[in-house]
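Presented below is the structure to which this report refers.
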Amino acid sequence: MKPVNKTVCSLAALAPLAMAQSANAGQRPNIIFFLVDDFGWTETSLPFGEETYPNNLRFHTPNMERLARTGVMMTNAYACPVSTPTRTSMMTGMNAAHMGITSYCSLYKDTCPDAIGGRPGTTNANEDDIFAHPEWNYNALCPASFRNEADSIAYGLNRTLYATPMVEILRDAGYHTIHVGKAHWAPTGTPGSNPYNMGFTVNIAGSGNGHPQSYLPEEHFGNLPKRGTYASVQNMSQYYGSGIHLTEALTLEALKTLEDPIRRKQPFYLYFAHYSNHTPIQRDERFIRKYLDAGMDEQQARYASMVEGMDKSLGDVLDYLEAKGIADDTIILFMSDNGGHCLGQDKGGEPHTQNLPLREGKASVYEGDIRVPLIFRWPGKAAEGTRLNTPVINEDIFPTILEMAGVKHYETVQECDGLSLARLITAGSKMVAKAQKRGEIATQKEANAFVVPASVSGVDPERELIFHYPHQYRVEDQDDIDFMSAVRKGDWKLVYRMHTGELELYNLRDDIGERNDLAASHPERVAELAKALGDRLRAWKAPMPTVRATGKPVPMPDEL
């Protein structure tokens, strides 16, 4: 058995530290991470942009608005192009390209997904494609505690990242850890697909599946004869035939799990990861009528009803915390794992327009997919009703939650890439609140433009954020989605199209829709960002597709 190399993650800087220690009992907050699936930045009545866009007016999310009034909105928050990379990144503190987990994992273990995301097969579905799939970690994440010779033989694991899960650290620090909803860290049949192995003491409906077969109780959430598969939502049979949509059923179960730690006065971490708003898009009967009456087509109304059902779940959680008298003792994070769908007719409307004014949607490195809603509520620590525009990314969640939980020292086997956002949320929001009080910030546009310096927040607003999707998302090629990487630094963003070898440059401050390519007029900026992206991908040994004609990897952006 090979020894495990351990790397220490620090909340402020990397330094030699001792094993995990928790804060003093009685001072640790409860933490609820409310994660939504495939939920776009503008698919809410809470506008994260510098103005209210037409898309915001299509949705009704009063509880997101309620949370924002008592919390901090992050207007430049980012996730990965698809689900599994985001979820494993938040669990490990690593960038997806560094993990080698760059697409969503297949439902089944050892099914080597080809360039088309997690679809089964060992070669490209399109044999005439110029690229072959990259060598990536398609068996995704496995807890480091399973990394020994016997376990590797027993589970037959390969193409796997071994890492120390964040939740394991929280559990060992004294938290009661609860998982509700979608897991999707690894394929069924591997240890990483089981929330109990990841550090959770309670699991409701979490497994290797990435979406439900059905949200409808009359369809048993997919568990019907001759139709049920591993993708069906498990252990929710008490709601079969009840008329209760899956989103509401998970909410009822989530609130039940909180009774025990509250009674025992033990701090809890609830990871409430909704399957909504992933496909299939199915109506939530509680809310759909208003959208049909407003003139939406059936699919648009179905999706809007699912969004409102998700928002109602958030409101139920907020109401519960207030009724139990623990709202002021509970931190809440609200986030989406990637942007909204924009292909096909699942959500109605015109394809490729559902996330306007942002460009494209799920599986793309354009803003319509990777920019996501993020809200923190930290009672007594953060200034309420504020906005922060510092760019942040999914790997930051790992050190942020641990710092908020008061876990000061811990060891991991992986090298963490994320930065704690605790000072940004606390000191940064207070700086913004003072500027508001002085009248320096009076509008959304002014708030979204206000810069919190690194000297206050501990997070450089000009740091480089990396996005990497070296895959083909669907059977048919998608020009603005497949085989792309990107880097953002400050207001500037470089997009690398691997298929064509093109480099595009956008200024997001002036052009949030990424319509005006400035590469030709700013060659020095293109060279700077191409080098930054290439250097990082090389250092991380990031998966790259192979050019079939030469058998060589696709060039890095600074090698073109």
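Numbering (our numbering), first residue to last: 4 to 563.
Ideal placement from N, C-alpha and C gives every residue a C-beta, glycine not left out.
Quantities reported herein were computed from a predicted structural model and do not represent experimental measurements.
Of the residues 323, 407, 302 and 522, the one whose Cα lies closest to the Cα of residue 344 is 302. Here the C-alpha atom of residue 353 lies approximately 37 Å from the C-alpha atom of residue 428. Residue environment analysis places residue 328 among the exposed positions, since fewer than 16 neighbouring C-beta atoms fall within 10 angstroms of its C-beta. The alpha-carbon separation between residue 419 and residue 149 amounts to approximately 19 Å.
CA-to-CA, the gap between residue 306 and residue 462 works out to about 36 Å.
Here residue 102 is near residue 140, since their CB atoms are less than 8 Å apart. If one requires a minimum length of 4 residues, the alpha helix (DSSP H) runs lying completely within the segment 382-415 are 400-407, in chain order.
Residue 209 is not a Cβ neighbour of residue 220, given a cutoff of 8 Å. A residue is called buried once 16 or more other Cβ atoms fall within 10 Å of its Cβ, and residue 317 is buried on that count. Under the three-state reduction of DSSP output, residue 299 falls in the coil class, being neither helix nor strand.
Spanning the alpha carbons of residue 499 and residue 339 requires a straight line of approximately 24 Å. Across the structure, residue 215 and residue 382 are spaced so that their CA atoms are roughly 34 Å apart.
In this structure the segment 400-415 does not lie against the segment 363-371, because fewer than three pairs of beta carbons, one per stretch, are closer than 8 Å.
For the options 391, 389, 423 and 390, the alpha carbon positioned closest to that of residue 400 is the one of 423. Of all alpha-carbon atoms in 75, 30, 213 and 82, the one lying nearest the alpha-carbon of residue 44 is that of 82. When secondary structure is reduced to three states using DSSP, residue 207 falls in the strand class. Going by DSSP, residue 467 is part of no alpha helix (DSSP H) but of the beta strand (DSSP E) stretching over 467-472. Burial check for residue 475: the Cβ neighbour count within 10 Å reaches 16 or more, so the residue is buried. In its chain, beyond the 5 residues on either side, 314, 317 and 318 have a beta carbon closer than 6 Å to the beta carbon of residue 66. Approximately 17 Å separates the beta-carbon atoms of residue 503 and residue 135; this is outside 8 Å, ruling out the contact. In this structure, residue 323 sits away from residue 249, with a CB-CB distance that is not shorter than 8 Å.
Counting along the chain, the unbroken beta strand (DSSP E) around residue 77 starts and ends at 75-81. Bounds of the beta strand (DSSP E) holding residue 375 are 374-380. Its chain contains 181 and 205 as the residues whose beta carbon lies nearer than 6 Å to that of residue 260, once the 5 sequence neighbours on both sides are disregarded; these appear in chain order. In the structure shown, residue 515 adopts coil according to DSSP, grouped into three states.
By the neighbour-count definition (other C-beta atoms within 10 Å, threshold 16), residue 80 is a buried residue.
The beta carbon of residue 309 lies closer than 6 Å to those of 279, 280 and 287 in the same chain, with the five residues before and after it left out. Boundaries of the beta strand (DSSP E) around residue 487: 487-492. In this structure residue 88 is buried. Its beta-carbon is surrounded by 16 or more other beta-carbon atoms within 10 angstroms.
Contact between residue 431 and residue 402 does not hold, since the beta-carbon distance rounds to 16 Å and is not under 8 Å.
Distance from the CA of residue 68 to the CA of residue 171, rounded to the nearest whole angstrom, comes to 32 Å. Inside the segment 25-112, DSSP marks whole alpha helix (DSSP H) runs of 4 or more residues at positions 65-72, 86-95 and 99-102, from first to last along the chain. In the structure shown, the three-state DSSP call for residue 556 is strand.
When C-alpha distances from residue 473 are compared across 162, 60, 111 and 100, the shortest belongs to 100.
The beta-carbon separation of residue 200 and residue 234, rounded to 20 Å, does not stay under the 8 Å limit for a contact.
When the beta-carbon positions are compared, residue 275 and residue 35 come within less than 8 Å of each other.
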